[in-house]
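*Asks:* Protein chains in written order, with this note's numbering: chain S, 3 to 271; chain H, 90 to 806; chain F, -8 to 149.
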Amino acid sequence: MKFHKPQSLPDCLCLLGKLKDPWLLAGGTDINIQIRHKQGIKDDVVLINHLPELSGIKIADGKLIIGATATIKEIADSEIIKKECPYLSESLVDFASPLISNLATIAGNIANSSPTADTIPLLLVLKAELVLSSTQGYRKIALENFYTSYKHNVLNPGEMISSIEIPIMPLDSYTSHYVKVGSRKALTIAKAALAFIKTKDEYRIAAGSLTEYPKRLLNVEAYLNNNKEIVNSKLFDVLDEDVSPISDFRSDEDYRLQVCRNHLIKFIK
Amino acid sequence: MKSQRRKDAFAKLTGKCRFLDDYSPPETLHGYLVYTTIDRGWIRKINFPAGFDINEFTIVSESDIPGKNIVPEPVNDQPFMTGDIVEHFGQVVLGIAHPDKEILKNFISQVNIEYEKRDAVTDTKECLDNEKYQFGETMHLKHKSPNTMNFRHFLKWQQIFYTQHQEQAYLEPQGMLAEYDREIEEMKITGTMQCPFFVKTAVENILGTAVKNVVVETSEGIGGAFGGKEDFPNLLAGITALLAWKAKKPVKIVLDRKDDLLITTNRHPSRVDINAIVNTKTHQISKIDIDYRIDAGGFQTLSPVVLHRGILHATGVYNIAEVVIKGALHHSNTPSNGAFRGFGAPQAIFAIESYIDTLAQKLGISPLKLRENNILRKGDQFPSSQLVKEDHINDCLQRIAKISEYEQKLKDFTEYNKHNRTKKGIGIALGLHGGGYTGNGEKQLNSKVKITVENTGDVNIYVANVEMGQGAHTTLTQMVNSVLKLPAEKVNVIVPNTSKTPNSGPTVASRTIYIVGALLQKLAERIKFELGFIDLQKYIEENRESFPMTFEETFMPDPADAFDDKTNQGVAYHDFSLAACVVEISYEPDLYQIKLEKCWNVLDIGKVINDSIARGQVYGGVVQALGWAVSEDIYKKGYPRLSGFTDYTLPAALDIPEMTVEFIHTDSKVAKGLGEIPMNYPAPAVRNALLMATGITIDELPLTPEKIYAQVKRGKL
Amino acid sequence: MIISFKLNNEAVTITTDPMRRLLDVLREDMKMKSVKESCGEGECGACTVMLGNKPVTSCLVNIAQVEGKEVLTAEAISETPIGKLLIDCFEETNAVQCGFCFTGFLVSCWHYLTTNPVDDVDAIKHAISGNICRCTGYVKIIEAMQLACRRINEGAIS
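1) At a Cβ threshold of 9 Å, is Met221/F touching chain H?
2) For the segment 274 to 294 of chain H against the segment 351 to 358 of chain H, are there 3 or more C-beta pairs whose distance is under 8 Å?
3) Classify Thr4/F as buried or exposed, calling it buried when 16 or more other Cβ atoms lie within 10 Å of its own Cβ.
4) Quick one: using the 10 Å Cβ neighbour count with 16 as the cut-off for buried, is Val261/S buried or exposed?
5) Helix, strand or coil for Tyr681/H per DSSP?
6) Give a yes or no on whether the minimum CB-CB distance between Ala65/F and chain H is below 9 Å.
7) Taking only three categories from DSSP, how would you classify Cys670/H?
8) Should Tyr225/S be labelled buried (16 or more other beta-carbon atoms within 10 Å of its own) or exposed?
9) Let's see if you can read the secondary structure: which residues bound the beta strand (DSSP E) around Ser375/H?
10) Does Glu58/F come within less than 9 Å of chain S when only Cβ atoms are used?
11) Where does Ala2/F fall in DSSP's three states?
12) Quick one, which of Tyr551/H, Ala403/H and Gly386/H has its alpha-carbon nearest Leu418/H's?
13) What span of residues does the beta strand (DSSP E) with Gly225/H cover, start to end?
14) Suppose you measure from the CA of His372/H to the CA of Lys467/H; what does that come to, to the nearest Å?
15) List the residues of chain H that Glu83/F touches, going by C-beta distances under 8 Å, in chain order.
16) Got a sec? Which residues, its chain only, sit under 6 Å from Asp401/H by beta carbon, not counting five neighbours each side?
17) Beta-carbon of Lys40/S versus every beta-carbon of chain H: anything under 9 Å?
18) State the beta-bridge partners of Asp270/H as determined by DSSP.
19) On the CB-based measure, 16 or more other CB atoms within 10 Å of its CB, does Ser25/F come out buried or exposed?
20) Give a yes or no on whether 9 Å exceeds the smallest Cβ distance from Asp679/H to chain S.
21) Check the Cβ-Cβ distances between Ser253/S and every residue of chain H, and say whether any is below 9 Å.
22) Between Ile602/H and Ile698/H, is the Cβ-Cβ spacing less than 9 Å?
23) Rounded to whole angstroms, what is the Cα-Cα separation between Ile174/H and Lys134/H?
24) For Leu219/S, I'd like the list of residues in its chain whose CB is within less than 8 Å of its CB, leaving aside the five on either flank, ordered along the chain.
25) How about Ile132/F and Cys124/F: are their beta carbons less than 9 Å apart?
26) How should Pro54/S be labelled, buried or exposed, when 16 other C-beta atoms within 10 angstroms of its C-beta is the threshold for buried?
27) Among Ser253/S, Asn234/S and Asn227/S, whose alpha-carbon lies nearest the alpha-carbon of Leu212/S?
28) Residues of chain S with CB under 8 Å from Pro9/F, in chain order?
29) If distances are taken between C-alpha atoms only, which option among Leu17/F, Glu82/F and Ser(-5)/F comes closest to Ala65/F?
30) Check whether chain F comes within 9 Å of Ile797/H, counting only Cβ atoms and requiring the distance to be less than that.
31) Rounded C-beta distance between Ala109/S and Ile163/S? I'm assuming under 8 Å.
32) Counting along the chain, where does the alpha helix (DSSP H) carrying His754/H start and finish?
33) Between the segment 75 to 108 of chain S and chain F, which residues of the former have a C-beta closer than 8 Å to a C-beta of the latter?
34) Taking buried to mean at least 16 other C-beta atoms within 10 Å of its own C-beta, is Pro88/S buried or exposed?
35) May I ask you to report which of helix, strand or coil DSSP gives Cys688/H?
36) Check Ala100/H in the structure and name its three-state DSSP category.
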């Protein structure tokens, strides 16, 4: 594996343009596990954690702008986010452990593209957008359009996530809920995760660990948005269209589906 | 006695205490193991990868063994390495050493073994359910009290309980260092282990007459063991020694966590079938039939000893007129199982204590009342016919009921649950653990201890028992010093080394304080008597020329303690430690999850030498038992095993309940065993709390949300 | 690659593979044996060190990421006033058992005590939620931490 340390963001983007599918090393909490398990080791690794352009949390144009290398702990502790979007900061308090969340970055969690990633369901219901940068400039893409299949995302060669943008909503304009089902309180991979937001106009629901990549439950949302009366059995039928839980060593299909149903009902009430 | 500060804490906190991986003599080679990756069959060919200079490596296989290819165990059926027959995943095939750790790891990851597979049984339930997988000796315990009688109103009830493997998960992985001194033909082993003399025998076995002498010393710090370092170190040390002997250089093997999880010993999974007859008028169990089975894995090794303890604890703390217990070992093609805190008793007690609560439900009486009607009282007999000399079981039961307010909460929670979605539950369980080796074991061990009094005024204690975190060494010094009354820093335990310490037996079976400590205290009293001092420090100052002096003592069993291994009648354990526990839970129905809220513990371990160390042992053991009860499952859903802490989830700080610990009858003269009992009783208390809170019966550990949901779905309440 | 950083308040420069784990550099090159490897995947906290002002699992940190930063291990932390106070509290409660996880706890706990030493069981549990102990059941660790908080808040450290 060849190691690269770009001196600046433009330098980094230039490097990405030249290298074929490198690893981008920010916190290292996913990459170092993959190295340990000898899984999918890439030919090149590019360090990005030191680039100041990728760090920080600020507000601009009514949006939260979170740098790619902002750590989960920085997000959970950020005064700006606690004020403007406590749903996000509070939901990330028990992410992994304090030791890991001091290293893990938001872009790393997104780019790793795991169906069990903890930040993604939250960002989906917050309608987050990713800013993807390359030597050609940048483009924005809604997070809900970022994944195409299991562990696959739409990053083009030479592109990287440089920041995440979250529209700020007035706190009294929505209610929210987040549940992560694990085998213990912290330091656990989600068996199932659900993020909910309800605004005046719409329901937004996203699931983690229940589909090949974290998704908005569009059929469930449509059903809830368009029906004044909710019939549980109908709701569950629609839910079946949106989630496909599996049985694996962490949990089983029946259990995952049922907790999903229970929390859906709980949130609607 | 006051809670003296542990002597080893400072070195451990500052990083100065050396654990095995901190030892690196010059020229030490890194060693590692190559093990089988099929469950059963034969090895047909071993292929080494290209691109390496094979001459840089030292490789040993079973054909290199100059001595015996047998790991010393109670049953000598396990080889150090196999050349062809594969009985389970994780059987060692080769030991390999190289000066560079990375090159070694790369080489090993590319070693390819060609196998011919055979049908294997790896599903533990399938193994335990079928008698065709039984192997080794069966054990029997039958007892009929003289005052059995027939009665008209009775209930017959059968229930089967299953428990799963459990990984000890000591934070320090297994490791050994072997250094061969060619001049004097002496092999020195340093490592993380519980039983230096077992390891010595193992290395003597594998090397035979190829070396003149074997010396084994424990590392300064042993990072946890819990039984997991009782016998696996024998195998590891043997292979490390063989490598060092062949390489003529020191070799150190430290297992990666992944391999430690995959191939080392685990707690035996169990299947306990209880069938009893209860008098529905008196609510007394009059006859009980227990079929106790444990899965030994690929080889028997020490499983018969686990089985023995299991059947002797199968009726728990209960007085039952007619008892028929059968114990059997079953053979699956999984890594051999071994010792883990409790050693067969937690499995037995999970079954009987859960059975009692279900019985209470059937009889329509409170679990507390049913226990009161059935516990052993003073003058009763254990199924081994051993007399119960005191009424302490009842004392534990009454005390736990009082401090936990069990009866009141039972009423309150039952009412609360009628009107609330989240449920509250309270569960009770009683436990016991016989101290020391079973039956004639201590007599056969014939433990010896030594104390030297130096002319500097230092007193050195020589025992083979190790400090593995349990506070043994500090406690032993306190016991000796309670007699000698020197300044605390003057009395120390020497790091166990087989060339310096006598064989006081292994650090197992809750015997270190109970047997070895008592022996040391007896020796200290003899020293005081023989020297006739009032103030030892002054005496030494005044008689310096007479010192150093060496004193030794050998264990003397109580002549009244007779035990028949075949009929299992007699004194199984001279003293039993006792315990009672109440666990309070809340149950979240949307997640089908148990939350552990509170846990009260009352223990009778007799005299408590160091209160804070003793409490620490209870907290630690209880949390391990709670992990076993609700979340730890190394096979999770099926096979293969988990190989990382990511998914073998141990209890972390946010998962523990509030806990209290109370010791009773501490005015006793005898300090009984403590190490294991905390493991024996919490799991059924949780299971019973779940039953009370929800009506859900689960007879299989761990009590996962998935299992709970499956019961809810089936409507099985 | 040449990496310069501060280790236990002393400037250090090494030449090594940038992807090497900080854990290995500390144990093998710097002889900081207090840093332990137990799981290798960030799940147990036995390898916890301070990186800048954050406690992290050093098994997941590549040495390249340490350039220009400050690393503190138990060797140095045990010499600080709060480190000594904490050690005293651990000793007084007999919280230490096998000790293998304890240098990791020392770092996480020290960080808590030096940033916001609140005597609150829940906050303490969160602070140590990434450190696994198999021997103690955590009760006495929390007890020792509460004792340390009380002493600090009563002005034990001037």
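A virtual CB, placed ideally from N, CA and C, is assigned to each residue, including glycine. Since we're looking at a predicted model, the values are computed, not measured.
*Replies:* Inspection of the coordinates gives the following:
1) Outside the shown range of chain F, which is -8 to 149, sits residue 221/F, and nothing can be said about it.
2) With fewer than three CB-CB distances shorter than 8 Å, the segment 274 to 294 of chain H does not count as touching the segment 351 to 358 of chain H.
3) exposed
4) buried
5) coil
6) yes
7) Under the three-state reduction of DSSP output, Cys670/H falls in the strand class.
8) buried
9) Gln373 to Asp384 is the extent of the beta strand (DSSP E) around Ser375/H.
10) yes
11) strand
12) Gly386/H
13) Gln223 to Lys233
14) 19 Å
15) Arg94
16) It should be pointed out that residue 401/H corresponds to Leu in this sequence rather than to Asp. Closer than 6 Å at the Cβ level, and outside the excluded window around Leu401/H, lie Ala661.
17) yes
18) Glu275/H
19) buried
20) In terms of beta-carbon proximity, Asp679/H lines the interface with chain S, with at least one pair separated by less than 9 Å.
21) yes
22) yes
23) 12 Å
24) Ile207, Ala208, Ala209, Leu241, Asp244 and Val245
25) yes
26) exposed
27) Ser253/S
28) Phe5, Lys7 and Leu49
29) Leu17/F
30) no
31) 4 Å
32) Premise fails: His754/H is in no alpha helix (DSSP H) and is neither H nor E.
33) Lys75, Val95, Asp96, Ala98, Ser99, Pro100, Leu101, Ile102, Asn104 and Leu105
34) By the Cβ-count criterion, Pro88/S is exposed, with fewer than 16 other Cβ atoms from all chains shown falling within 10 Å of its own Cβ.
35) Cys688/H falls in the strand class under three-state DSSP.
36) Ala100/H falls in the helix class under three-state DSSP.
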